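Engineer: Just dropping this structure here.
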Amino acid sequence: MTHDCSFLEELPLADDQRSFADGQRDSHAADWGAEQLGEGVRPDAVVWPETTDDVSAVLAAATERGVPVTPYAAGTGLEGNAVPAGGGISLDLTRMDGVREYRPDDFQIDVGPGIIGSDVEEHVAADGLFFPPLPSSGDISTIGGMIATDAGGMETVRYGEIADWVLGLEAVLADGTVVETGSRAIKTSSGYNLTELIVGSEGTLAVVTEATLELAGRPQQIRGGRALFETLDDATAAVSDAVRADVDVARIELVDGLSARMANAYLGTDLPDAPMVFLEFHANHGVGEEIDLCRTIFAEHDVARFEVSADDAEMDELWRARRELAYAVATYDADLEPLHPGDVTVPISSYPAIVRETRRLADEHDLLVPCFGHAGDGNLHYTVLVDRDDPVHVEQGEEVYAAVVERALEFGGTATGEHGIGQGKREYLEAEHGPGAVETMRRVKRALDPTGTLNPGKIFPEAAVEGTDRDDASLGVGE
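Each residue of the sequence shown is one higher than the one before, starting from 4 at the first, in our numbering.
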């Protein structure tokens with residue numbers, strides 16, 4: 004559907020803050036995940052706000068005219084979260100990338116939504132501080148995008164996800180109202196927790212224009228390494244036991260043999276063709292005791308090699324292979340393409356079972372399905388590779404992808420640990436949460452965005468919940 008966005012020329016925006024040009028519209032039609040699938044939708048206009056007032060003016064005018072607005076950041080999302088499914092305006096927040104205030108004595112920083120995660124770390128590094136929940140893509144993704152999906156990273160097992168480090172937000176509602184949530188205090192029990200309501204809402208409830216982030220002191224002792232196992236079952240069981248034994252590990256990542264081969268092909272590395280667990284330990288004292296405890300637990304699962312180093316260059320090379328696995332998978336075979344980015348998370352005791360089930364399904368259908376992920380928090384990334392010109396192959400891939408999600412839900416897990424629902428996982432929302440919870444989410448959406456201005460076509464299943472008193476499609480929450 005095409006929308007008349009000429010009203011943008013009447014708003015107090017500079018000429019370079021709005022564009023109707025085909026090239027700019029094309030560049031905002033998809034995020035990384037949707038682009039891989041060819042599922043982009045070109046917006047009718049692109050706007051680059053530079054202030055909260057800019058965002059407020061655009062949203063108020065768009066809502067008044069029934070024009071959808073989809074927040075856009077770095078475009079690194081994997082579930083079509085930033086695709087302007089209803090057309091209208093793509094609201095690119097990357098110019099709002101400044102540090103507003105930095106309070107190192109309070110371990111806090113106020114930033115704009117467009118700032119890149121690694122830039123936050125660089126800003127605070129001189130004071131011995133860091134921002135622990137950065138995802139693997141922290142050097143290319145924005146804080147606003149991380150907040151939108153409640154992203155997590157390789158250190159979630161110790162430090163938690165983005166929501167655990169956001170103290171407060173400034174955000175703009177669909178009608179242009181500016182709200183402030185949270186507090187600079189470390190704890191508050193004052194009123195509804197609007198901060199965590201907005202975190203993870205994927206731009207469907209409000210547009211974040213400033214975030215107050217909590218920081219942490221960088222540990223004095225950091226050691227990293229890897230453990231090699233004979234079998235994938237040994238590797239996953241070792242991870243599960245280490246986490247349940249409360250080994251104080253900051254990162255504990257699974258890389259199966261297929262993933263290692265893909266990384267080697269992409270980066271020219273020489274990772275062993277075997278199941279591996281990448282490790283990193285953080286401590287201010289006593290890191291050796293934690294390493295020894297982990298080594299002992301891994302030995303009970305027939306670990307073949309357990310190597311730990313304090314050398315920064317060695318650790319950088321190790322983690323580079325893990326960080327770039329998504330690109331390695333996508334380029335591994337010229338005849339095959341990733342179907343969907345799998346992102347399930349299960350209770351840690353079920354982690355060996357979900358990995359085993361994924362491997363079984365891949366073998367049963369003779370499909371390439373690399374398995375890797377943030378094993379310590381029960382997060383499994385899996386990617387089904389298919390020949391898109393072969394309908395049977397695609398059908399088998401869809402079957403395997405869905406079966407893994409369904410098994411994760413049976414284990415008491417989630418369809419998405421950190422990528423968000425977006426367009427790609429809407430069909431699993433009700434299976435995970437139940438119709439009552441989904442309808443409650445819809446009611447929140449209607450209350451804050453009654454005209455469906457913000458990011459329509461995301462999160463909610465296509466089918467409307469029976470018995471509602473409105474047409475969800477008209478609100479943009481059931482498209």
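Every residue gets a Cβ at the ideal spot worked out from N, C-alpha and C, and that includes glycine.
Treat the numbers as computed from the prediction; the structure is a model and nothing was measured.
If I follow the unbroken beta strand (DSSP E) through residue 20, where does it start and stop?
Structural biologist: If you number the sequence shown from 1, residue 20 lands on position 17. Run containing residue 20: none; DSSP gives neither H nor E here.
Engineer: According to DSSP, is residue 454 helix, strand or coil?
Structural biologist: Here residue 454 refers to the residue found at position 451 when the sequence shown is read from its first residue. In the structure shown, residue 454 sits in coil (DSSP, three-state: anything other than H, G, I, E or B).
Engineer: Along the alpha helix (DSSP H) that carries residue 267, what are the first and last residues, could you check?
Structural biologist: Residue numbering aside, residue 267 sits at position 264 when the sequence shown is read from its first letter. 260-270 is the extent of the alpha helix (DSSP H) around residue 267.
Engineer: My parser needs the beta strand (DSSP E) runs of 3 or more residues fully inside the region 145-189; what are they?
Structural biologist: Those beta strand (DSSP E) runs which fall completely within the region 145-189 and span 3+ residues are 169-175 and 181-185.
Engineer: Cβ atoms of residue 419 and residue 336: under 9 Å apart, would you say?
Structural biologist: If you number the sequence shown from 1, residue 336 lands on position 333. If you number the sequence shown from 1, residue 419 lands on position 416. Going by C-beta atoms, residue 336 is not nearer than 9 Å to residue 419.
Engineer: With distance defined between alpha-carbon atoms, name the residue in 408, 230, 93 and 71 nearest to residue 78.
Structural biologist: Taking the first residue of the sequence shown as position 1, residue 78 is located at position 75. The residue with the shortest Cα to Cα distance from residue 78 is 93.
Engineer: In whole angstroms, what separates the C-alpha of residue 107 from that of residue 193?
Structural biologist: Here residue 107 is taken as the residue at index 104 of the sequence shown, counted from 1. Here residue 193 is taken as the residue at index 190 of the sequence shown, counted from 1. C-alpha separation (whole angstroms): 25 Å.
Engineer: Residues in its own chain within less than 6 Å of residue 6 by CB, not counting five upstream and five downstream?
Structural biologist: On the sequence shown, residue 6 is found 3 positions in, with the first residue counted as 1. These residues qualify, in order along the chain: 47, 70, 90 and 91.
Engineer: Short of 7 Å in beta carbon distance, which residues of its chain neighbour residue 44, apart from the five on each side in sequence? Order them along the chain.
Structural biologist: Stepping through the sequence shown from its first residue, residue 44 is reached at position 41. Result list for residue 44: 32, 86, 87, 88 and 90, in chain order.
Engineer: Going by C-alpha distance, which of 387, 291 and 415 is nearest residue 225?
Structural biologist: Translated into positions along the sequence shown, residue 225 becomes position 222. The shortest C-alpha separation from residue 225 is found at 291.
Engineer: Leaving aside the five residues before and after residue 356 along the sequence, list all residues of the same chain whose C-beta is less than 7 Å from its C-beta, in chain order.
Structural biologist: Along the sequence shown, one-based indexing puts residue 356 at 353. Excluding positions up to five away in sequence, the list reads 414.
Engineer: Let me know the secondary structure DSSP gives residue 470 once reduced to three states.
Structural biologist: Here residue 470 is taken as the residue at index 467 of the sequence shown, counted from 1. For residue 470, the predicted structure reports a pLDDT of 31, less than 50, and the residue's modelled location is therefore unreliable. The matter cannot be settled from this model.
Engineer: From what residue to what residue does the beta strand (DSSP E) around residue 29 run?
Structural biologist: Stepping through the sequence shown from its first residue, residue 29 is reached at position 26. Taken as a continuous stretch (DSSP letters only), residue 29 belongs to no beta strand (DSSP E), being part of the alpha helix (DSSP H) at 25-30.
Engineer: When the distance is taken between beta carbons, is residue 203 closer than 9 Å to residue 244?
Structural biologist: Within the sequence shown, numbered from 1, the residue matching residue 244 stands at position 241. Within the sequence shown, numbered from 1, the residue matching residue 203 stands at position 200. No; because the gap between Cβ atoms is not below 9 Å, this pair is not in contact.
Engineer: Compare the Cα-Cα distances from residue 373 to each of 379, 184 and 359 and report the closest residue.
Structural biologist: Locating residue 373 in the sequence shown gives position 370, where the first residue counts as 1. When each option's Cα is compared against that of residue 373, the closest is 359.
Engineer: Would DSSP call residue 435 helix, strand or coil?
Structural biologist: Within the sequence shown, numbered from 1, the residue matching residue 435 stands at position 432. Three-state DSSP puts residue 435 in a helix.
Engineer: Please name the residue or residues paired with residue 279 in a DSSP beta bridge.
Structural biologist: In the sequence shown, the residue the question calls residue 279 occupies position 276. The partner list for residue 279 (beta bridge, DSSP) reads 231 and 258.
Engineer: Taking residue 127 as the reference, give the member of 216, 254 and 341 with the closest Cα.
Structural biologist: Translated into the one-based positions of the sequence shown, residue 127 becomes position 124. Answer by Cα proximity: 216.
Engineer: Closer than 6 Å by C-beta to residue 17: which residues in its own chain qualify, once you throw out the five before and the five after it? Chain order, please.
Structural biologist: Position 14 of the sequence shown, counting from 1, holds the residue named residue 17. Correct list: empty, nothing qualifies.
Engineer: Does the distance from the C-beta atom of residue 246 to that of residue 175 stay below 9 Å?
Structural biologist: Sequence index remark: in the sequence shown, residue 246 carries index 243 (1-based). Sequence index remark: in the sequence shown, residue 175 carries index 172 (1-based). No, the Cβ-Cβ distance between residue 246 and residue 175 is not below 9 Å.
Engineer: Whose CA, out of 227, 182 and 15, lies closest to the CA of residue 252?
Structural biologist: Here residue 252 corresponds to residue number 249 of the sequence shown, with the count starting at 1. Considering only alpha carbons, the answer is 227.
Engineer: Does the beta-carbon distance from residue 388 to residue 341 come in below 9 Å?
Structural biologist: As a working mapping, residue 388 is identified with position 385 in the sequence shown. As a working mapping, residue 341 is identified with position 338 in the sequence shown. Yes, the Cβ-Cβ distance between residue 388 and residue 341 is below 9 Å.
Engineer: Since I believe residue 278 is in contact with residue 218 (beta carbons under 8 Å), could you give me their beta-carbon distance rounded to a whole number of angstroms?
Structural biologist: Looking up residue 218 in the sequence shown gives position 215. Looking up residue 278 in the sequence shown gives position 275. At roughly 35 Å, the Cβ-Cβ gap does not stay under 8 Å, so residue 218 and residue 278 are not in contact.
Engineer: Verify whether the separation of the beta carbon atoms of residue 380 and residue 351 is less than 9 Å.
Structural biologist: To locate residue 380, count along the sequence shown from 1; it is residue 377. To locate residue 351, count along the sequence shown from 1; it is residue 348. Contact: yes.
Engineer: Who are the near neighbours of residue 434 in its chain, counting only those whose CB is closer than 7 Å to its CB and skipping five residues on each side?
Structural biologist: For this step, residue 434 is matched to residue 431 along the sequence shown. Here the set comprises 412.
Engineer: Taking the beta carbon of residue 287 as the centre, do at least 16 other beta carbons fall within 10 Å, making it buried, or is it exposed?
Structural biologist: Locating residue 287 in the sequence shown gives position 284, counting from the first residue. Exposed, by the Cβ-count rule.
Engineer: Taking Cβ positions, are residue 385 and residue 239 nearer each other than 9 Å?
Structural biologist: On the sequence shown, residue 385 is found 382 positions in, with the first residue counted as 1. On the sequence shown, residue 239 is found 236 positions in, with the first residue counted as 1. No, they are not a contact pair.
Engineer: Distance, Cα to Cα, residue 432 vs residue 446?
Structural biologist: Taking the first residue of the sequence shown as position 1, residue 432 is located at position 429. Taking the first residue of the sequence shown as position 1, residue 446 is located at position 443. Roughly 15 Å separates the two Cα atoms.
Engineer: When burial is assigned at 16 or more other CB atoms within 10 Å of the CB, is residue 464 buried or exposed?
Structural biologist: Working through the sequence shown from its first residue, we reach residue 464 at position 461. The residue is buried, with at least 16 neighbouring Cβ atoms inside 10 Å.
Engineer: Taking the runs of the alpha helix (DSSP H) that are 4 residues or longer, which of them lie wholly in the region 300-349?
Structural biologist: 315-326 and 328-333, all fully within the region 300-349.
Engineer: Under the rule that 16 or more other beta-carbon atoms within 10 Å means buried, what is residue 330, buried or exposed?
Structural biologist: To locate residue 330, count along the sequence shown from 1; it is residue 327. It is exposed - the Cβ of residue 330 has fewer than 16 other Cβ atoms within 10 Å.
Engineer: Expressed to the nearest angstrom, what Euclidean distance is found between the alpha-carbon atoms of residue 27 and residue 49?
Structural biologist: Here residue 27 corresponds to residue number 24 of the sequence shown, with the count starting at 1. Here residue 49 corresponds to residue number 46 of the sequence shown, with the count starting at 1. Cα-Cα distance, rounded: 7 Å.
Engineer: Would the region 313-324 count as touching the region 197-214 if we require 3 or more Cβ pairs under 8 Å?
Structural biologist: Touching, no, given that fewer than three Cβ pairs across the two stretches are closer than 8 Å.
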